[in-house]
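**Q** Remember, the numbering used here sits 17 above the position in the sequence shown when you count from 1.
Glycine is no exception: its CB is placed at the ideal position from the N, C-alpha and C atoms.
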Amino acid sequence: MKKFNLLLILLGTSFYCLAFPAGINQKEDTIIIKVGDKSKVIIQVDNQQDLEELKKYDLNSMISDLNLTVDSMDQRSETITIEDESGEKYLKESEQDNIEQNEEVEDRDYGVRFNSDYDQERERGDNDQERDYSRSSRPRYRTHHSLNFDLGMNNYLENGNFPDENNQPYTVKPFGSWYVAINSTWHSRFSRNFSLDWGGNISWYNFKLQNENVRFVRDSVGVGFVEDLSVNAIKSKLTVVYLNVSMVPMLHLGSNSYYSRRRFRNHEGLRVGLGGYGGYRIDSYTKFVFKESGDKEKDKDHDNFFLNNWRYGLRFQFGFRGVDLFANYDLNNLFSEGRGPDLNAISFGIVI
Numbered sequence: 018m019k020k021f022n023l024l025l026i027l028l029g030t031s032f033y034c035l036a037f038p039a040g041i042n043q044k045e046d047t048i049i050i051k052v053g054d055k056s057k058v059i060i061q062v063d064n065q066q067d068l069e070e071l072k073k074y075d076l077n078s079m080i081s082d083l084n085l086t087v088d089s090m091d092q093r094s095e096t097i098t099i100e101d102e103s104g105e106k107y108l109k110e111s112e113q114d115n116i117e118q119n120e121e122v123e124d125r126d127y128g129v130r131f132n133s134d135y136d137q138e139r140e141r142g143d144n145d146q147e148r149d150y151s152r153s154s155r156p157r158y159r160t161h162h163s164l165n166f167d168l169g170m171n172n173y174l175e176n177g178n179f180p181d182e183n184n185q186p187y188t189v190k191p192f193g194s195w196y197v198a199i200n201s202t203w204h205s206r207f208s209r210n211f212s213l214d215w216g217g218n219i220s221w222y223n224f225k226l227q228n229e230n231v232r233f234v235r236d237s238v239g240v241g242f243v244e245d246l247s248v249n250a251i252k253s254k255l256t257v258v259y260l261n262v263s264m265v266p267m268l269h270l271g272s273n274s275y276y277s278r279r280r281f282r283n284h285e286g287l288r289v290g291l292g293g294y295g296g297y298r299i300d301s302y303t304k305f306v307f308k309e310s311g312d313k314e315k316d317k318d319h320d321n322f323f324l325n326n327w328r329y330g331l332r333f334q335f336g337f338r339g340v341d342l343f344a345n346y347d348l349n350n351l352f353s354e355g356r357g358p359d360l361n362a363i364s365f366g367i368v369i
């Protein structure tokens with residue numbers, strides 16, 4: 018029978034209990050435990066305090082890893098060393114919970130958290146069977162808050178087509194028509210694969226016209242688009258500001274990162290979501306910038322321009338690890354019915 022000298026850097030409570038029966042030789046800071054006829058377990062400690070620390074470790078986990086190592090090791094090997102630089106690999110479950118609780122208190126990125134009823138029952142110890150679940154299968158549901166931003170471009174569709182296809186005067190210039198939103202978002206996790214992003218934001222549509230000479234003109238009938246060739250135009254745009262609420266269910270695919278012992282990460286792995294939003298217009302204005310007699314001038318007009326006060330639509334989100342993309346589609350028209358062209362605003366970009 019082959020002889021194995023097992024040098025274990027991280028050892029469990031059971032070693033401490035076995036250190037003193039017959040058949041064990043104790044030499045200063047080394048404890049030798051005979052296993053079978055020709056095998057030994059060697060425990061090396063520096064002092065009594067280190068020996069007490071051994072109570073925090075899980076012997077069964079170490080033995081499982083040891084069996085795998087023995088099965089795959091070279092037949093000529095006589096010594097097996099199990100190393101753990103972090104010192105946390107074989108900690109007992111209770112010790113790992115203590116570490117995680119301390120890390121959650123210190124981690125400023127988490128925001129506000131709410132424990133589910135499952136977590137509360139488990140912490141009170143009302144159910145022994147639930148406490149026996151392994152860490153890999155035990156859900157840790159949380160809600161946390163984040164402040165993020167939507168940065169992208171916006172445009173609008175008329176009967177499913179972009180206005181430039183029909184050479185309309187209100188055709189939008191893609192580059193320069195920026196969509197911006199400041200989001201206050203709550204991320205609630207309900208299961209391993211399902212969460213909900215919900216909250217509010219303030220958003221800005223900036224529709225920059227392709228033809229800089231076209232002005233937005235409002236009369237008693239509706240809004241019109243008039244080309245002004247009397248000046249050297251630089252920019253013509255319409256800005257609409259909304260206060261919104263949104264709710265997007267998210268499906269998480271192929272990621273167990275939520276169960277990470279070190280931190281609650283909502284933004285890891287592959288995720289996809291489709292939800293809705295609604296908003297109320299709080300401001301709108303046009304800006305017409307031009308040069309006259311060599312000087313740069315601008316006309317800024319705050320008006321409702323027969324814009325719809327309400328906005329509602331669908332929001333699509335797609336993310337992987339730390340990157341999230343979004344796309345919004347307004348189901349209602351940008352302008353009031355009969356007061357302007359039938360345009361449905363769209364926006365898309367990245368969440369940062």
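#1: Would DSSP call ASN249 helix, strand or coil?
#2: Tell me which same chain residues have a C-beta within less than 7 Å of the C-beta of ASN350, skipping the five on either side of it?
#3: Using alpha carbons as the reference points, say which of SER353, ALA250, MET267, VAL62 lies closest to SER208.
#4: Which residue's Cα is closest to the Cα of TYR196: ARG206, ASP181, TYR173?
#5: Which residue's Cα is closest to the Cα of ALA250: LYS304, VAL257, SER201, GLY241?
#6: Do you know offhand how far TYR74's Cα is from ARG159's?
#7: Contact check, ILE367 vs LEU331 under 8 Å by CB: the rounded distance?
#8: Bridge partners of MET267, per DSSP?
#9: Count the C-beta pairs between the region 180 to 189 and the region 201 to 220 that are closer than 8 Å, then say yes if the count reaches three, no if not.
#10: Less than 8 Å between the C-beta atoms of VAL6 and TYR222, yes or no?
#11: For GLU244, which three-state DSSP category applies?
#12: Measure the beta-carbon distance from VAL234 to SER253 and round it to whole angstroms, keeping in mind my assumption that it falls under 8 Å.
#13: Mind checking whether LYS315 and TYR302 have CB atoms under 8 Å apart?
#14: Tell me where the beta strand (DSSP E) around GLN334 begins and ends.
#15: Expressed to the nearest angstrom, what Euclidean distance is found between the alpha-carbon atoms of PHE179 and PHE224?
#16: Would you identify the three-state DSSP class for LYS190, choosing helix, strand or coil?
#17: Considering Cα atoms alone, identify which of GLY177, ASN64, ILE48, GLU69 is closest to ASP347.
#18: Going by other Cβ atoms of all chains shown within 10 Å of its Cβ, with 16 needed for buried, is GLN270 buried or exposed?
#19: For TRP65, does the three-state DSSP call read helix, strand or coil?
#20: Within the continuous beta strand (DSSP E) that includes PHE343, where are the two ends?
**A** Quick look at the numbers:
#1: strand
#2: ASN325, ASP359, LEU360, ASN361
#3: MET267
#4: TYR173
#5: LYS304
#6: 28 Å
#7: About 18 Å; that fails the 8 Å criterion.
#8: According to DSSP, MET267 bridges with SER212, GLY290.
#9: no
#10: Since the first and last residues shown for the chain are 18 and 369, residue 6 lies out of range.
#11: strand
#12: With 8 Å as the limit, VAL234 and SER253 do not qualify as a contact, their Cβ atoms being about 11 Å apart.
#13: no
#14: 327 to 337
#15: 13 Å
#16: coil
#17: GLY177
#18: Here residue 270 turns out to be Leu, not Gln, going by the sequence shown. Its Cβ having fewer than 16 others within 10 Å, LEU270 is exposed.
#19: Note that residue 65 is Gln in the sequence shown, not Trp. Three-state DSSP puts GLN65 in a helix.
#20: 340 to 347
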